[in-house]
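Trainee: Sharing a structure below in C-alpha cells format, with a few things to ask.
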Amino acid sequence: MTGKKIPDEKWICKNWLKSWTTSSKIYAPNPAKYINQLHNDNERSIWTWFQDFTDQIDRSLRSLNSLPRVLAHQDLSQMNMLLTQSDTDGERLILIDWQFMSISGIGEDLGKMFGVNMSLGVFPNHRYEEYKESLFQNYMKGLKDTGWQGDESLARYGYCLGTALRSVWEVPQYFSLAAQLKTDPTNLKLQDRVSQLEQIINIQRNMATECIKMNIWAQFS
Numbered sequence: 258m259t260g261k262k263i264p265d266e267k268w269i270c271k272n273w274l275k276s277w278t279t280s281s282k283i284y285a286p287n288p289a290k291y292i293n294q295l296h297n298d299n300e301r302s303i304w305t306w307f308q309d310f311t312d313q314i315d316r317s318l319r320s321l322n323s324l325p326r327v328l329a330h331q332d333l334s335q336m337n338m339l340l341t342q343s344d345t346d347g348e349r350l351i352l353i354d355w356q357f358m359s360i361s362g363i364g365e366d367l368g369k370m371f372g373v374n375m376s377l378g379v380f381p382n383h384r385y386e387e388y389k390e391s392l393f394q395n396y397m398k399g400l401k402d403t404g405w406q407g408d409e410s411l412a413r414y415g416y417c418l419g420t421a422l423r424s425v426w427e428v429p430q431y432f433s434l435a436a437q438l439k440t441d442p443t444n445l446k447l448q449d450r451v452s453q454l455e456q457i458i459n460i461q462r463n464m465a466t467e468c469i470k471m472n473i474w475a476q477f478s
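First residue of the sequence shown: 258, per my numbering; consecutive thereafter.
Right, dumping it as C-alpha cells:
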C-alpha cells in the first residue's frame, strides 16, 4: 500500500476475522434459545436484523479479503499500547502483545479496537458516536502520514464491517442477558449491561447499513 513490504511468513494469520467469527458462533450463547422470550419491538428488530446479517456473513468476510492488505495487531487496548518519552526520540507509541497479529483488510483492525473498547467500557456510552468518528479520522491521518494515497472509502468499509461483525458475539450475549433480566428485573448490574449491549448493537447495525450504502459490498462479493 505504501511501497513497504508486508510480512508474508506462513505462520502469520491471513484470515483472523473469519477465525474469530467462527469461534464466536461456537462459544457464544445460542440466541435461538431465547426467541420465544422476545416481547418488545426492539428485541424482535434486533433478532430480524441479526438473522439477515449472519446469513450474509460468508460474503462479508470475502469482501474484507478483497480490501488492500495491512499488518494488523488485532488486540489494541490500553494494556497493549504504551506511550513513552525520551530525550532522543521524543514521544513514541509502542505496541506490545502481538499474539493475534494478522494480515488483514484495511480498517479491519480499527473495527476490532473500537468494538472491544466499547464492550469493555473504556469508551463511555454517551460518547460512542464521537469515538467512532474520531478513531477513523486519526486512522486515516496515520495512513496518509505513511504515504498511503488510496481510496478512503475502502478503509471506511473495512472499519464499519469489522465493527459490525462483532455482533456475532454481542447479539447472543444480549439475548442471554435480556432473558436473565426478565427473571430478575431489579438486577441493576444486569440492567446496565443489557442497556450497554443494546447501544453497541445499534452502532453495529448502523455501521453494517453504512457498508451496504457504500456499495463496496456488492463490488467485492
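By construction, the Cβ of each residue, glycine as well, lies at the ideal position given by its N, Cα and C atoms.
Report the option in Leu318, Glu266, Ile269, Gln331 whose CA atom is closest to the CA atom of Val425.
Mentor: Translated into the one-based positions of the sequence shown, residue 425 becomes position 168. Residue Leu318 is the option with its Cα nearest to Val425.
Trainee: Would you tell me roughly how many angstroms separate the C-alpha atoms of Val373 and Ser334, rounded to the nearest one?
Mentor: Here residue 373 corresponds to residue number 116 of the sequence shown, with the count starting at 1. Here residue 334 corresponds to residue number 77 of the sequence shown, with the count starting at 1. Distance between the alpha carbons of Val373 and Ser334: 8 Å.
Trainee: Give the single residue among Asn322, Thr278, Asn395 whose Cα lies nearest to the Cα of Phe310.
Mentor: Within the sequence shown, numbered from 1, the residue matching residue 310 stands at position 53. Looking at the Cα atoms, Thr278 is the closest of the given residues.
Trainee: What span of residues does the alpha helix (DSSP H) with Ile263 cover, start to end?
Mentor: Locating residue 263 in the sequence shown gives position 6, where the first residue counts as 1. Run containing Ile263: none; DSSP gives neither H nor E here.
Trainee: Are the CB atoms of Gln331 and Trp273 within a distance shorter than 8 Å?
Mentor: Position 16 of the sequence shown, counted from the first residue, corresponds to residue 273. Position 74 of the sequence shown, counted from the first residue, corresponds to residue 331. In this structure, Gln331 lies closer than 8 Å to Trp273 by Cβ.
Trainee: Measuring straight from C-alpha to C-alpha, what distance separates Pro381 and Thr305?
Mentor: Here residue 381 is taken as the residue at index 124 of the sequence shown, counted from 1. Here residue 305 is taken as the residue at index 48 of the sequence shown, counted from 1. Distance between the alpha carbons of Pro381 and Thr305: 27 Å.
Trainee: What span of residues does the beta strand (DSSP E) with Arg384 cover, start to end?
Mentor: Here residue 384 is taken as the residue at index 127 of the sequence shown, counted from 1. No beta strand (DSSP E) holds Arg384; DSSP gives it neither H nor E.
Trainee: Please list the terminal residues of the continuous alpha helix (DSSP H) segment that includes Leu438.
Mentor: Taking the first residue of the sequence shown as 1, we reach residue 438 at position 181. First-last of the alpha helix (DSSP H) with Leu438: 424-440.
Trainee: Where Glu365 and Lys261 are concerned, what is the direct C-alpha to C-alpha distance, given to the nearest angstrom?
Mentor: What you label residue 365 is simply residue 108 of the sequence shown in a count that begins at 1. What you label residue 261 is simply residue 4 of the sequence shown in a count that begins at 1. Rounded to whole angstroms, Glu365 to Lys261 spans 19 Å at the Cα level.
Trainee: Below 8 Å on the Cβ atoms is my contact criterion, and I expect Ala412 with Tyr396 to pass it. Report the Cβ-Cβ distance as a whole number of Å.
Mentor: For the purposes of this step, residue 412 is taken as the residue at position 155 of the sequence shown. For the purposes of this step, residue 396 is taken as the residue at position 139 of the sequence shown. Confirmed, about 7 Å.
Trainee: I'd like to know if the stretch 428-436 and the stretch 447-460 are in contact, where contact means that at least 3 CB-CB pairs between them fall below 8 Å.
Mentor: The stretch 428-436, when compared against the stretch 447-460, does touch it at the 8 Å Cβ threshold.
Trainee: Secondary structure at Ile292, three-state DSSP: helix, strand or coil?
Mentor: Translated into positions along the sequence shown, residue 292 becomes position 35. Three-state result, Ile292: helix.
Trainee: Rounded to whole angstroms, what is the Cα-Cα separation between Ile360 and Asp346?
Mentor: Working through the sequence shown from its first residue, we reach residue 360 at position 103. Working through the sequence shown from its first residue, we reach residue 346 at position 89. Near 28 Å, if we compare the C-alpha coordinates of Asp346 and Ile360.
Trainee: Round the Cβ separation of Met471 and Ser376 to the nearest angstrom and send it over; I've been treating them as touching at under 8 Å.
Mentor: Residue 471 sits at position 214 when you count from the first residue of the sequence shown. Residue 376 sits at position 119 when you count from the first residue of the sequence shown. Rounded, the Cβ-Cβ distance is 25 Å, inconsistent with contact.
Trainee: Gly419: which of Asp344, Ile363, Ile473 sits nearest, CA to CA?
Mentor: For this step, residue 419 is matched to residue 162 along the sequence shown. Nearest C-alpha to Gly419: Ile363.
Trainee: Under DSSP, the beta strand (DSSP E) around Thr341 begins and ends at which residues?
Mentor: By one-based count along the sequence shown, residue 341 stands at place 84. Thr341 -> beta strand (DSSP E) spans 338-343.
Trainee: Between which two residues does the beta strand (DSSP E) harbouring Gly347 extend?
Mentor: Walking along the sequence shown from the start, residue 347 turns up at place 90. Taken as a continuous stretch (DSSP letters only), the beta strand (DSSP E) holding Gly347 covers 347-352.
Trainee: If contact is defined by three or more beta carbon pairs under 8 Å, each pair taking one atom from either stretch, is the stretch 284-297 in contact with the stretch 433-445?
Mentor: As far as the Cβ criterion goes, the stretch 433-445 touches the stretch 284-297, which means the pair count is three or higher.
Trainee: Using the Cα positions of Ala482 and Gln308, report the straight-line distance between them to the nearest angstrom.
Mentor: Outside the shown range of the chain, which is 258 to 478, sits residue 482, and nothing can be said about it.
Trainee: Just list the residues that DSSP pairs Ala329 with in beta bridges.
Mentor: Taking the first residue of the sequence shown as position 1, residue 329 is located at position 72. Ser359.
Trainee: Based on the DSSP secondary-structure assignment, which residues constitute the bridge partners of Cys254?
Mentor: Here the chain has residues from 258 to 478 only, and residue 254 is not among them.
Trainee: In three-state DSSP terms, what is Ala285?
Mentor: Sequence index remark: in the sequence shown, residue 285 carries index 28 (1-based). Here Ala285 sits in coil by DSSP.
Trainee: Skipping 5 residues on each side, what residues in its chain have a beta carbon closer than 8 Å to that of Val451?
Mentor: As a working note, residue 451 is residue 194 in the sequence shown. The residues are Tyr431, Leu434, Ala435, Leu438.
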